[in-house]
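Peer 1:
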Amino acid sequence: GEVTTASMLVPCRMSGAAALLPLALLAQAALSSAYVTSPSSLSGIRTNFASSVSKSRRAYPLSWARALRATATKPDQKSEGLGFDSHKAVDKAPDTLCRDGTANTAMRAKFEKMLREAQDYICKSVENVDGGAKFQTDAWTREGGGGGISRVLTGGKVWEKAGCNLSVVYGSMPSEALQAANDRLKFGATDRAKGYAPGERVPFFACGLSSVMHPKNPHCPTMHFNYRYFETEGGVWWFGGGTDITPAYLNVDDMKYFHGTYKEVCDKHDPEFYPKFKKWADEYFFIKHRGETRGLGGIFFDDLNDRDPEKIFEFAKECAMNVPKAYLPIVEAHKNDPFTQKEKEWQLMRRGRYVEFNLVYDRGTIFGLKTGGRIESILMSLPETARWEYDHRPEPGSKEAEVLEVFRNPRDWV
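The sequence shown lines up with residues -34 to -1, 1 to 380 when you count with mature numbering (1 follows the signal peptide of the UniProt record, and there is no 0).
1. Straight-line CA distance for W312 to G121?
2. Could you name the residues of the same chain whose beta carbon sits closer than 7 Å to that of G98, not counting the 5 residues immediately before and after it, in chain order?
3. Mind checking who S177 pairs with in its DSSP beta bridge?
4. Leaving aside the five residues before and after T227 along the sequence, list all residues of the same chain whose C-beta is less than 8 Å from its C-beta, in chain order.
5. For the 8 Å Cβ check, are there 3 or more pairs between the segment 175 to 186 and the segment 293 to 312?
6. Do three or more CB pairs link the segment 323 to 333 to the segment 341 to 350 at distances below 8 Å?
7. Can you pull the DSSP bridge partners for P169?
8. Measure the alpha-carbon distance for D104 versus G330 and round it to whole angstroms.
9. So, for F373: in the same chain, excluding its five sequence neighbours on each side, which residues have a beta-carbon less than 7 Å away from its beta-carbon?
10. Assuming contact is defined by CB atoms lying nearer than 8 Å, are G206 and D268 in contact in what I supplied?
11. A214 to F243, Cα distance in whole Å?
12. Return the CA-CA distance between R24 and K365, expressed in angstroms with no decimal places.
13. Checking the sheet assignment: what are the DSSP bridge partners for T209?
14. Taking the alpha-carbon positions, what's the K58 to K234 distance?
15. By Cβ distance below 7 Å, which residues in the same chain neighbour W379 in space, the five residues on each side in sequence not counted?
16. How close, in whole Å, do the beta carbons of C130 and S177 come, if the pair is a contact with beta carbons under 8 Å?
17. In chain order, what are the residue ranges of uninterrupted alpha helix (DSSP H) at least 4 long that sit wholly in the segment 315 to 350?
18. Out of C173, P164, L81, E284, point me to the one whose CA is closest to F333's CA.
19. Consult DSSP for E284 and reduce its assignment to one of helix, strand or coil.
20. Per DSSP, what kind of secondary structure is L270 in: helix, strand or coil?
21. Can you tell which of I341, G208, R319 has its C-alpha closest to the C-alpha of G263?
22. Thinking C-beta only, is V134 closer than 8 Å to L63?
23. List the endpoints of the continuous alpha helix (DSSP H) containing L63.
24. Where do the N-terminal and C-terminal ends of the beta strand (DSSP E) with A352 fall, by residue?
25. Counting only the same chain and skipping the five closest in sequence on each side, list residues whose C-beta sits under 8 Å from that of E126.
26. By the DSSP assignment, the alpha helix (DSSP H) with L370 in it spans what residues?
27. Less than 8 Å separating the beta-carbons of R319 and R256?
28. Tell me, which residues are paired with Y55 by DSSP?
29. How would you label K336, buried or exposed, when you count the other beta carbons within 10 angstroms and need 16 or more for buried?
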């Protein structure tokens, strides 16, 4: 059957997988056998089809099933200060989306200011390379504090769709939800709910800048980045983020350049950062049910709070500001490359993999859906067009088979 709620709408033209998001969310709901309600839905639904899901249990990260169970509410329960209808459009964003703070929360405003500067710089750089379309800007605020600035470019000469979204969120989540969303607690990562009892709601602050850019030419790679900062009222804080690249075809020189740029950034702050965060990206951007990575990696980190926050702030800032340097020269080099219909279809199939990862595994997407985020901003990462072919297998020795081999077996580039 078909189940649709406000949190399951996908503004994306697809062939063959239009029900992917409902399937993904319902599968996770089945694993938890819990009441599931969208903040704007009319009533709760109870789903329990574990027998049909058990065969595909490996395809869904159990930590998110636990997170869903922790955040699930019965029909008579309400989320505190959150909801898909809590966003108010404004003509111009205020100077800051942060509430009045104290010296103890100064990093919140500082990080937001840095991300605004990065958003301006990156969007202007992309517009210069595109030479046609401009970013449409939507500003919005949220009842109870926070809001965002969403910028989306469509129908450009180079990019079919590019988005760069800033968001500031105040809210609260059950302590189990913060813990369950973290796969690394057993490795000594941040105790996100420190100081809170099981079942107690944890007030949190989150600020992030997220971007995905989908070029038209199959020889130009898709690029994604996200840099974010979290705090809880319990005094726990951490940084997260990364930049990664997803080409449809393999160009070794391009990958050496992209990874080399971020290795230089990492090495300036800690020589151990690049090998650690490169490996982390390969593991995080892995599509378990396909047995392949979403792209060819980059860097990824989360729960980073093992040193002075000012030092981590400077690292995150430099990573964000180096996005144009790492990505745009590659696009400039290939934006006018000739391509065939077959190559375009392969690009669209790789975009299909992109959609699968973002809707099933991506932490930011799931976090936004669970906390009543602005739906247009959450799903900005999806391409306008994607393709699925039944049991498609590239011809041995083809360029498609070449890059698929690297998706299945990540390699070192620098």
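In this text, a Cβ means the ideal position worked out from N, Cα and C, and glycines have one as well.
Given the structure is predicted, the values throughout are model-derived calculations rather than measurements.
Peer 2: Concretely, from the data shown:
1. Here the question's residue 312 lines up with position 346 in the sequence shown. Here the question's residue 121 lines up with position 155 in the sequence shown. Cα to Cα, W312 sits roughly 20 Å from G121.
2. Within the sequence shown, residue 98 is the residue found at index 132, counting from 1. So the qualifying residues of the chain are G122, K123.
3. Against the sequence shown, residue 177 aligns to sequence position 211. C130, F191, per the DSSP bridge assignment.
4. As a working mapping, residue 227 is identified with position 261 in the sequence shown. The answer, listed in chain order, is N288, K291, A292.
5. yes
6. yes
7. Within the sequence shown, numbered from 1, the residue matching residue 169 stands at position 203. Bridge partners of P169: S138.
8. Here the question's residue 104 lines up with position 138 in the sequence shown. Here the question's residue 330 lines up with position 364 in the sequence shown. So the alpha carbons of these two residues sit roughly 20 Å apart.
9. The residue given as residue 373 occupies position 407 in the sequence shown. These residues qualify, in order along the chain: E258, T259.
10. Working through the sequence shown from its first residue, we reach residue 206 at position 240. Working through the sequence shown from its first residue, we reach residue 268 at position 302. Contact: yes.
11. Residue numbering aside, residue 214 sits at position 248 when the sequence shown is read from its first letter. Residue numbering aside, residue 243 sits at position 277 when the sequence shown is read from its first letter. Between A214 and F243, the C-alpha separation is close to 23 Å.
12. The residue you call residue 24 lines up with position 58 of the sequence shown. The residue you call residue 365 lines up with position 399 of the sequence shown. Caution is warranted here: a pLDDT of 36 is assigned to R24, below 50, making its placement in the model unreliable, and the coordinate value is therefore given only provisionally. About 30 Å.
13. Within the sequence shown, numbered from 1, the residue matching residue 209 stands at position 243. Note: T209 sits in a beta bridge opposite F191, I265.
14. The residue you call residue 58 lines up with position 92 of the sequence shown. The residue you call residue 234 lines up with position 268 of the sequence shown. Going by the C-alpha atoms only, they are around 37 Å apart.
15. Mapped onto the sequence shown, residue 379 falls at position 413. Listed in chain order, the non-local C-beta contacts of W379 below 7 Å within the same chain comprise M221, K222, H225, local neighbours out to five positions each way being set aside.
16. For the purposes of this step, residue 130 is taken as residue 164 along the sequence shown, with counting starting at 1. For the purposes of this step, residue 177 is taken as residue 211 along the sequence shown, with counting starting at 1. So it is a contact: roughly 4 Å between Cβ atoms.
17. 329 to 336, 341 to 344
18. Stepping through the sequence shown from its first residue, residue 333 is reached at position 367. The candidate whose alpha carbon is nearest that of F333 is C173.
19. For the purposes of this step, residue 284 is taken as residue 318 along the sequence shown, with counting starting at 1. The answer is helix: DSSP assigns E284 an H, G or I state.
20. The residue given as residue 270 occupies position 304 in the sequence shown. Here L270 sits in strand by DSSP.
21. Indexing the sequence shown from 1 puts residue 263 at position 297. If we check each option's Cα against that of G263, G208 comes out closest.
22. Counting from 1 along the sequence shown, the entry for residue 63 is found at position 97. Counting from 1 along the sequence shown, the entry for residue 134 is found at position 168. Yes. Within cutoff.
23. In the sequence shown, residue 63 corresponds to position 97, counting from 1. That residue, L63, is in no alpha helix (DSSP H); it is neither H nor E in DSSP.
24. In the sequence shown, residue 352 corresponds to position 386, counting from 1. Unbroken run through A352: none, as it is neither H nor E.
25. By 1-based counting over the sequence shown, the position of residue 126 is 160. Answer for E126: T120, H180, P181, K182, P349, E350, T351, listed in chain order.
26. The residue you call residue 370 lines up with position 404 of the sequence shown. Annotation: the continuous alpha helix (DSSP H) that includes L370 extends over 365 to 374.
27. For the purposes of this step, residue 319 is taken as the residue at position 353 of the sequence shown. For the purposes of this step, residue 256 is taken as the residue at position 290 of the sequence shown. Yes. Within cutoff.
28. If you number the sequence shown from 1, residue 55 lands on position 89. The sequence given here has Ala at residue 55, not Tyr. Partner(s): W106.
29. Translated into positions along the sequence shown, residue 336 becomes position 370. By the neighbour-count criterion, in which 16 or more other beta carbons inside 10 Å mark a residue as buried, K336 falls on the buried side.
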